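Below: one structure, written as structure tokens.
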Amino acid sequence: RRVHGGNKDVEQTFRNFVSAWEKLSQVNEGKGFLYGEKFNSKPLPNNGRLPRITTETPLAVVCLNDEAGAFLVRLVQKLANIQNILLEQVVLNSVKKQSGALVYYQHINGTGMIQSKNFHTLRETEVLQYEWQDTHLWLAEAGTEYGWASDIRYNFEKLEFQLAVNHLFGLVHIGLDQLPYFEFQNEMFHTNCKILELVEASVPQEPLSPNETASIRKDERMNGNTALLLDSLTTVIGAVCRTKGDPNTSVLDYVEKLLVPSGQLTTDIPKLIRNSAMNVAKLCHLVNLYEIVEDIRGDVAIECAPAIYKELMPEGDTKRFWEMCKLPIEPLYASLRRFIIRFLQVQSIAPQTQLADIMTEPHWWQSRAFPTGVTVDVVRESVFDLLVKHVCALLESVREKLPKSNAIGDDRAKPKMLKKIRKF
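Adding 71 to a residue's 1-based position in the sequence shown gives its number in our numbering.
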């Protein structure tokens, strides 16, 4: 509602989306298109029944991501595979020359050919339309011979050609290896990368205790909910910047008494906070709470960073970096993670941009300030002429130098971020 209100084009797009979503909810005898389906080897919530989409639905549910947006991702996969399987069969039939209408797909030496495109580059005309057109029946002819007037004859050659023109030509094989996962909560930093500093100016901030932090990190109820939580905390942060508030007010009370009644958040959010270790957090802990949840979510977000920022560093540059680096390892690691998680997914930066131009901004560092003894000159000397396209490779190199236990959490057992681990 906050996104489309007042914009007629967006409202119409929303209505079209809801209409399509509801049609998929009604198939399979009302059980829905994804009934009994799994996502990432786990059953979808509510046995795959699609949730109802309204103006109160969190945006994370209708964005491609592997938590709140799991239904949408699985729908995209399943619908795309229908088109892919159809086109594979079409190409096979064209090779076997079973239909003159399919010669378009023949190549050379008994092979077939079809164009392939990534999902996020598709145009509407490249997606199969399921609506049947009655114009196909115009190719029928009544018998003209004596005694055969009640018969209807079809010119199957013309019918095949018409079906191919209307339903096949222009379609592409849809690539699903790199779905453009979207972390909605990072839009906050795209709009204002210093917004957490504005929170501190509105409500004085302090960290949660070590025990409270550890409890949140270990809370199993966080699993599968971090994207939704970050989306919701984004809303809380924006509200606090506008309305301020008592630092000792609990985040739960603030959400229940202000944001739920105003329709900015659903009732699911206070329920999740109340039943988790986050229920101890106050408004004075808001920034620290956001960063804790962000860290838990971090590895998934980094894996989804665009490939143009995952170019390997030349071997000589890696060696030179460690010879020249005067930056403390753990703060550097946290800073690089923060930049990738918060910014690269929603803001396009030229891969050739100097990384030093980014790292000399204090708001990317812990506590939004350079570590003790670090200056702009020290950062530039350490990062020298590395580029933004090397940032993921640099993060991986720094990660390998971390002690086994670090402030962000020991992730040595986790998959390397430069590998493609998400396959559908």
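For glycine and all other residues, C-beta sits at the position ideal for the given N, C-alpha and C.
Bear in mind the structure is a predicted one, so any value in this text is a computation, not a measurement.
Any non-hydrogen atom of the ligand MN within 7 Å of residue i CB
i: Arg345; result: With respect to the ligand MN, the structure offers nothing, as it holds no ligand at all.
Collapsed DSSP secondary structure at residue i in the structure displayed
i: Pro114; result: strand
i: Asn15; result: Residue 15 lies beyond the residue range present for the chain, which begins at 72 and ends at 495; the question has no answer from this structure.
i: Gly101; result: coil
i: Lys381; result: coil
i: Ser321; result: strand
i: Ile373; result: helix
i: Ile124; result: coil
i: Leu473; result: coil
i: Leu242; result: coil
i: Lys109; result: strand
i: Lys315; result: coil
i: Leu250; result: coil
i: Lys328; result: helix
i: Lys353; result: strand
i: Leu343; result: helix
i: Leu466; result: helix
i: Leu360; result: helix
i: Leu130; result: helix
i: Pro486; result: Below a pLDDT of 50, predicted positions are generally treated as unreliable, and Pro486, at 39, falls in that range; the measurement from the model is reported next regardless. Residue state, collapsed to three classes: coil.
i: Leu143; result: helix
i: Leu458; result: strand
i: Leu230; result: helix
i: Lys79; result: helix
i: Leu398; result: coil
i: Phe88; result: helix
i: Gly480; result: Residue placement at Gly480 cannot be trusted, given a pLDDT of 45 that sits under 50; what the coordinates show is reported in the next sentence. Coil.
Residue nearest to residue i in terms of C-alpha spacing, selected from the options
i: Val174; options: Asn189, His191, Arg123, Glu231; result: Glu231
i: Thr389; options: Leu360, Asp366, Ser165, Ser468; result: Ser468
i: Phe240; options: Glu93, Gln276, Gln177, Leu300; result: Gln177
i: Asn346; options: Met293, Ala272, Leu466, Ser165; result: Met293
i: Gly309; options: Leu343, Val270, Leu398; result: Val270
i: Leu360; options: Leu415, Ser321, Asn164; result: Ser321
i: Ile367; options: Gln148, Thr338, Arg391, Lys289; result: Lys289
i: Glu365; options: Leu336, Thr284, Ala427, Pro385; result: Thr284
i: Leu343; options: Phe110, Asn189, Gly295; result: Gly295
i: Leu130; options: Arg145, Ile400, Asn111, Phe85; result: Phe85
i: Gly183; options: Glu197, Asn78, Lys167; result: Lys167
i: Met395; options: Ala405, Gln423, Leu457; result: Leu457
i: Arg194; options: Trp92, Asn78, Ile245; result: Ile245
i: Leu115; options: Val311, Leu354, Val454, Arg145; result: Arg145
i: Asn180; options: Ile400, Phe190, Thr192, Ser165; result: Ser165
i: Leu354; options: Asp317, Val147, Asn78; result: Asp317
i: Leu135; options: Thr431, Asn78, Gln148; result: Gln148
i: Val449; options: Lys188, Met430, Ile363; result: Met430
i: His434; options: Gly369, Val243, Pro402, Thr192; result: Pro402
i: Val133; options: Val162, Asn152, Ile153, Ala91; result: Ala91
i: Leu14; options: Lys188, Leu95, Leu336; result: Nothing can be reported for residue 14: it is not among the residues displayed for the chain, which extend from 72 to 495.
i: Leu250; options: Leu300, Phe190, Leu242; result: Phe190
i: Pro399; options: Lys113, Val454, Lys229; result: Val454
i: Val243; options: Val161, Lys315, Ser286, Glu268; result: Val161
i: Glu291; options: Gln186, Asn152, Met349, His238; result: Met349
Neighbour-count burial assignment, residue i, 16 or more Cβ in a 10 Å radius
i: His461; result: buried
i: Trp393; result: exposed
i: Arg313; result: exposed
i: Asn155; result: buried
i: Lys487; result: Any reading at Lys487 must be qualified, since the residue scores a pLDDT of 40, below 50, and its modelled position is unreliable; no value is offered.
i: Lys109; result: exposed
i: His356; result: buried
i: Ser406; result: buried
i: Val297; result: Reading off the sequence shown, one finds Thr at residue 297, where the question assumed Val. Buried, by the Cβ-count rule.
i: Glu362; result: buried
i: Ala421; result: exposed
i: Pro341; result: buried
i: Gly387; result: exposed
i: Val326; result: buried
i: Gln369; result: Position check: residue 369 holds Gly in this sequence, whereas Gln was assumed. Counting Cβ neighbours within 10 Å, Gly369 comes out buried, since at least 16 surround it.
i: Ile124; result: buried
i: Ala158; result: Residue 158 is actually Leu in this sequence, not Ala. Buried, since its Cβ has 16 or more Cβ neighbours within 10 Å.
i: Gly444; result: exposed
i: Ile153; result: exposed
i: Gly107; result: exposed
* To do: Give a yes or no on contact between the stretch 374-384 and the stretch 302-314, applying the rule of three or more CB pairs nearer than 8 Å.
  => no
* For the stretch 154-200, list the beta strand (DSSP E) runs that are entirely contained and at least 3 residues long, ordered along the chain. => 187-189
* Is the stretch 94-107 in contact with the stretch 120-127, if contact means three or more CB pairs nearer than 8 Å? -> yes
* **Any 3 or more C-beta pairs closer than 8 Å across the stretch 404-417 and the stretch 366-374** => yes
* **alpha helix (DSSP H) runs contained entirely in the stretch 267-302, provided each spans 4 or more residues** => 281-289
* To do: Report yes or no: do three or more beta-carbon pairs, one from the stretch 270-281 and one from the stretch 440-452, lie closer than 8 Å?
  => no
* Runs of beta strand (DSSP E) wholly within the stretch 405-434 (minimum 3 residues, chain order) -> none
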